[in-house]
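The listed protein sequences correspond, in order, to chains A and B.
Throughout the first sequence, residue numbering follows the working numbering, covering 622 to 947 in sequence.
Throughout the second sequence, residue numbering follows the working numbering, covering 323 to 649 in sequence.
Accompanying notes for the structure given below.
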Amino acid sequence: MKTTVIGAYPKIGDGPEAQELRRALHRHDRGEISDPELGKVFDDVTRTAIGEIEAAGVDVTNDGQIRWDDLLSPFARAWSGVEPGPLERFYDNNTYFRQPVIDGRIVTDGRSLVRDYTFAAGVAKTTLKAAIPGPLTFATLAARDEQYGSLEERVLAIADATAREIAGLKAAGATMIDIEDPAVAAWPKYIELAREAYRRLADPDLALTLVTYFFPADSVLESLASFPVAAVAIDVRSRETTAFDRLDAFRTQLVLLGVVDARNTRLESADEVARYAERALKLVPQERLVLATTTSLEYLPRDVARAKLTALVEGARLVTGEKVPA
Amino acid sequence: MTDNLLLTTTVGSFGKPDYLTKARGQAARGKLSTAELEELERKATAEWIRRQEDIGLDVLVDGEMYRGDMVAYFAERLEGFKIGGLVRSYGNRYYHKPVIAGKVSRPKPMTVSWFEYAQSLTSKPVKGMLTGPYTLLDWSYNEAYPTRRDAVLALAEIVRDEARDLERAGAKYIQIDEPAIHARPEEIEIAIEAMGIVTAGLSAKTISHICYGDFAAIYPQVLDLPVDQLDLAMANYGYRWLDLFDRNPFTKELAIGIVDVHAHTTETVDEAAEGIRKGLRYVPAAKLWPHPDCGLKTRTVEESVEKCVAVIEATKVVRKELAKVPA
């Protein structure tokens with residue numbers, strides 16, 4: 622039973638020794654350290670994040686998105702035609718993001734993530750995956766769009782830019798990429814538009830995962846099963862959901878089941894994680910089921926995030942009868 | 323006479339003076355006693371009461387010099403809560419997100435002495451300032467209650483007791499902030515039920531501040547929130563929520579945000595006045611309260627003052643216009 626993480630990892634911990642990035646950003650703001658000095662701290666913290674995820678025994682890691690202020694801003698900054706705009710709450714979290722403002726044709730060289738991916742690949746000892754925001758999420762969270770005449774045009778333009786980033790990641794050696802797209806579950810009425818966007822992202826050589834979270838995917842579950850992606854991630858903890866009883870909709874894709882709640886400190890036991898897995902195994906074979914966190918662990922303090930990863934891995938090992946380390 | 327039209331106020335928090343920010347840091351590291359910190363908090367509160375009077379605001383606030391954030395302050399004083407680890411809200415800003423670890427209860431009043439102190443410094447009314455039960459739950463981790471509704475209703479009883487104590491202490495205005503109310507629009511009924519518990523039997527004017535989120539998703543249902551006045555961020559949204567009032571008329575008093583609190587630069591008086599004029603298309607001047615979009619705690623003292631001055635100057639402009647219109 623494989624395990625993985627989703628999204629961002631906590632950038633700092635509670636002890637002073639784990640707050641190097643917070644201090645470095647303050648010093649950078651005051652002009653006391655240079656961009657390269659700040660960059661080194663970002664790299665150090667990325668190394669720590671990957672190290673902690675791997676130490677918990679998670680099979681597939683990411684780079685923890687340590688340089689990302691939020692899911693969209695790295696791209697709103699890197700892409701021509703978009704700027705990071707006003708602050709807004711990110712869905713139902715007391716966490717903010719900058720809403721993209723689109724003021725021109727969106728253009729990217731597709732290399733926005735290459736440097737970070739290459740660095741993380743040099744650090745990770747286990748399988749590494751990349752991540753990028755989904756087109757429907759990016760488009761529906763935009764504050765303003767002075768370029769594209771309709772949501773459809775905007776989504777497809779963002780999909781084209783996303784496809785270029787995916788190609789850039791592929792050239793850098795990535796084989797697995799999460800496309801974080803909670804809007805696909807939040808806005809069921811746009812499911813066919815999302816499908817059209819994902820057609821533009823598909824690449825037979827890449828394992829793309831359409832990652833939903835926060836919202837139940839109930840009303841789009843069967844549709845997602847026919848999206849051109851290798852895997853679909855579903856959050857079964859944030860709200861009531863019928864997904865457990867309908868996972869047989871996925872006949873070929875991997876199912877990344879978000880069983881460890883990354884938005885509440887209440888710690889799942891390994892038994893509880895195993896019970897979720899066993900429910901899913903009634904409808905999905907083990908080789909196509911991956912246990913995951915529901916979303917970014919950055920919604921939790923770092924020590925709780927670590928404990929959650931341990932519960933995730935121990936739960937997965939219980940299911941397969943592997944010995945849980947003392 | 324237009325003095326009682328377009329009464330001005332603020333949402334609650336102001337920028338803390340440097341000496342207080344420094345003192346809070348020292349206190350957190352155990353290098354300053356609670357009594358010494360409180361002395362400075364009282365000094366800063368008095369300074370803000372004086373500034374608000376000088377600026378010419380009509381209904382004042384204590385400025386929340388003694389609070390770090392609007393949920394943790396209460397969580398630290400309630401039984402059943404523990405203070406969790408650091409989580410990021412945005413950029414390089416972090417906060418200790420509270421954890422509801424057991425049944426919640428209120429050992430003693432939490433805000434009354436600050437209200438009494440602030441009110442003693444001025445003859446103008448000072449608002450009692452509380453965080454609403456839905457927001458207290460939504461911005462905490464819930465490890466104790468089986469459902470979110472169970473937790474919200476338990477918290478509502480606590481906020482009700484605090485509101486009653488504020489009223490007994492003389493508060494004529496009690497603000498119960500619910501900035502998280504649109505976090506899950508499908509739960510608006512829970513927030514309304516909880517606010518009903520809080521405001522039942524109060525004779526003070528009740529206000530609820532709502533900001534940063536999809537207000538359209540809870541409108542017009544939010545008109546059932548049992549408070550007299552809704553206090554909304556508008557400038558940051560280009561006043562687009564006003565369009566909702568075309569289809570479903572706004573039925574409460576409206577405190578309208580006319581300056582964006584997340585920008586370092588302040589709107590011109592003309593821009594802010596135009597915000598008031600937009601509000602007047604939907605709400606009469608006797609029920610329209612100009613103010614900044616949100617609390618000003620992320621701004622410096624100087625920026626906070628500048629934003630409040632813009633509100634006052636814009637209000638004067640529009641009051642003059644109203645005076646010219648024959649009744």
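A virtual CB, placed ideally from N, CA and C, is assigned to each residue, including glycine.
Please confirm if residue i has its CB atom under 8 Å from at least one CB of chain B.
| i | result |
| --- | --- |
| threonine 716 of chain A | yes |
| asparagine 683 of chain A | no |
| lysine 632 of chain A | yes |
| glutamate 641 of chain A | no |
| proline 922 of chain A | yes |
| proline 707 of chain A | yes |
| threonine 862 of chain A | no |
| threonine 886 of chain A | yes |
| leucine 948 of chain A | This structure gives no information on residue 948 of chain A, because the portion of chain A shown stretches from 622 to 947. |
| aspartate 766 of chain A | no |
| aspartate 856 of chain A | no |
| aspartate 635 of chain A | yes |
Tell me, please, which residues DSSP counts as bridged to residue i.
| i | result |
| --- | --- |
| leucine 610 of chain B | B:Leu576 |
| leucine 822 of chain A | Note: leucine 822 of chain A sits in no beta bridge, so no partner. |
| glycine 403 of chain B | Correcting the residue type first, residue 403 of chain B is phenylalanine in the shown sequence and not glycine. According to DSSP, which records beta bridges pairwise, phenylalanine 403 of chain B is partnered with B:Ile422. |
| threonine 748 of chain A | A:Val681 |
| aspartate 799 of chain A | A:Ala752 and A:Thr830 |
| arginine 415 of chain B | B:Tyr412 |
| asparagine 558 of chain B | Asparagine 558 of chain B is not bridged to any residue. |
| arginine 765 of chain A | A:Val722 |
| serine 427 of chain B | B:Glu401 |
| lysine 623 of chain A | A:Val911 |
Under DSSP, the alpha helix (DSSP H) around residue i begins and ends at which residues?
| i | result |
| --- | --- |
| phenylalanine 865 of chain A | Phenylalanine 865 of chain A -> no alpha helix (DSSP H), and no H or E assigned at all. |
| serine 701 of chain A | Where serine 701 of chain A is concerned, there is no enclosing alpha helix (DSSP H), although the beta strand (DSSP E) it sits in stretches over 701–710. |
| histidine 504 of chain B | Unbroken run through histidine 504 of chain B: none, as it is neither H nor E. |
| lysine 791 of chain A | 772–792 |
| alanine 642 of chain A | Rather than alanine, the amino acid found at residue 642 of chain A in this sequence is leucine. Unbroken alpha helix (DSSP H) run through leucine 642 of chain A: 641–650. |
| serine 435 of chain B | 434–442 |
| tyrosine 638 of chain B | Tyrosine is not the amino acid found at residue 638 of chain B; the sequence shown has lysine there. That run of the alpha helix (DSSP H) goes 623–646. |
| serine 530 of chain B | That residue, serine 530 of chain B, is in no alpha helix (DSSP H); its beta strand (DSSP E) goes 527–532. |
| valine 805 of chain A | 804–807 |
| lysine 344 of chain B | 340–350 |
Under a CB-based cut-off of 8 Å, is residue i close to chain A?
| i | result |
| --- | --- |
| tryptophan 436 of chain B | no |
| arginine 490 of chain B | no |
| glutamate 589 of chain B | no |
| tryptophan 461 of chain B | yes |
| glutamate 500 of chain B | no |
| tyrosine 505 of chain B | The identity of residue 505 of chain B in the sequence shown is alanine, whereas the question assumes tyrosine. At least one chain A Cβ lies under 8 Å of alanine 505 of chain B. |
| histidine 650 of chain B | For residue 650 of chain B there is no data in the structure shown, the boundaries of chain B being 323 and 649. |
Would you give the residue range spanned by the beta strand (DSSP E) that residue i belongs to?
| i | result |
| --- | --- |
| tyrosine 495 of chain B | 495–499 |
| glutamine 720 of chain A | 717–728 |
| valine 857 of chain A | Where valine 857 of chain A is concerned, there is no enclosing beta strand (DSSP E), given that its DSSP letter is neither H nor E. |
| glutamine 907 of chain A | Segment: none, glutamine 907 of chain A is in no beta strand (DSSP E) and carries neither H nor E. |
| valine 934 of chain A | Looking at the DSSP string, valine 934 of chain A is not in any beta strand (DSSP E); the run it does join, the alpha helix (DSSP H), is 923–941. |
| threonine 587 of chain B | Run containing threonine 587 of chain B: none; DSSP gives neither H nor E here. |
| valine 549 of chain B | No beta strand (DSSP E) holds valine 549 of chain B; DSSP gives it neither H nor E. |
| glycine 334 of chain B | Note, glycine 334 of chain B: premise wrong, no beta strand (DSSP E); not H, not E. |
Please tell me whether, using a cut-off of 7 Å, the distance from the CB of residue i to the nearest non-hydrogen atom of the ligand PLP is below it.
| i | result |
| --- | --- |
| leucine 475 of chain B | No copy of the ligand PLP appears in this structure; indeed no ligand is present at all. |
Would you check if the region 749–757 of chain A and the region 794–801 of chain A touch, i.e. whether three or more CB-CB distances between them fall below 8 Å? yes
At a cut of 8 Å, does the region 626–643 of chain A reach the region 396–410 of chain B through at least three beta carbon pairs? yes
Is there contact between the region 843–860 of chain A and the region 389–399 of chain B, where contact requires at least three CB pairs shorter than 8 Å? No: fewer than three Cβ pairs fall under 8 Å.
Counting beta carbon pairs with one atom in the region 361–372 of chain B and one in the region 411–431 of chain B, are three or more of them shorter than 8 Å? no
To be precise: take each residue of the region 397–413 of chain B, compare its Cβ to all Cβ atoms of chain A, and keep it if any distance is under 9 Å. Which residues remain? Gly406, Gly407, Leu408, Val409, Arg410, Ser411, Tyr412 and Gly413
Quick one: any contact between the region 801–819 of chain A and the region 833–845 of chain A, if contact means 3 or more CB pairs under 8 Å? yes
Three Cβ pairs or more, each shorter than 8 Å: is that satisfied between the region 705–720 of chain A and the region 728–748 of chain A? no
Between the region 528–557 of chain B and chain A, which residues of the former have CB atoms less than 7 Å from a CB of the latter, in chain order? Tyr534 and Gly535
Can you give me, in chain order, the residues of the region 904–935 of chain A that have a beta carbon less than 8 Å from any beta carbon in chain B? Glu919, Tyr920, Leu921, Pro922, Arg923, Asp924 and Val925
Could you please tell me which residues of the region 460–489 of chain B, in chain order, have their CB closer than 8 Å to any CB of chain A? Asp460, Trp461, Tyr463, Asn464 and Glu465
Going along the chain, which residues of the region 411–432 of chain B sit with their C-beta nearer than 8 Å to a C-beta in chain A? Ser411, Tyr412, Gly413, Asn414, Tyr416, Lys419 and Val421
Determine, using beta-carbon pairs with one atom in the region 521–529 of chain B and one in the region 556–570 of chain B, whether at least three such pairs fall under 8 Å. no
For the region 650–674 of chain A, enumerate the residues whose C-beta is nearer than 9 Å to any C-beta of chain B, in chain order. Asp650
Check distances from the C-beta atoms of the region 711–739 of chain A to those of chain B and list, in chain order, the residues that come in under 7 Å. Asp713, Asn715, Thr716 and Tyr717
Cβ-based contacts, 7 Å cut-off: residues of the region 689–701 of chain A near chain B: For the region 689–701 of chain A, the set of positions with a beta-carbon nearer than 7 Å to some beta-carbon of chain B reads Asp690 in chain order.
contact_flag[the region 470–483 of chain B, the region 441–460 of chain B] where n(CB pairs < 8 Å) is 3 or more: Touching, yes.
Assess, as a yes-or-no matter, whether the region 890–905 of chain A is touched by the region 930–938 of chain A under the definition of 3 or more beta carbon pairs within less than 8 Å. With contact defined as three or more Cβ pairs closer than 8 Å, the region 930–938 of chain A and the region 890–905 of chain A are in contact.
Please confirm if the region 659–674 of chain A is in contact with the region 715–724 of chain A, defined as three or more CB-CB distances below 8 Å between the two stretches. no
Sufficient close CB pairs (3 or more, under 8 Å) joining the region 612–624 of chain B to the region 576–584 of chain B: yes
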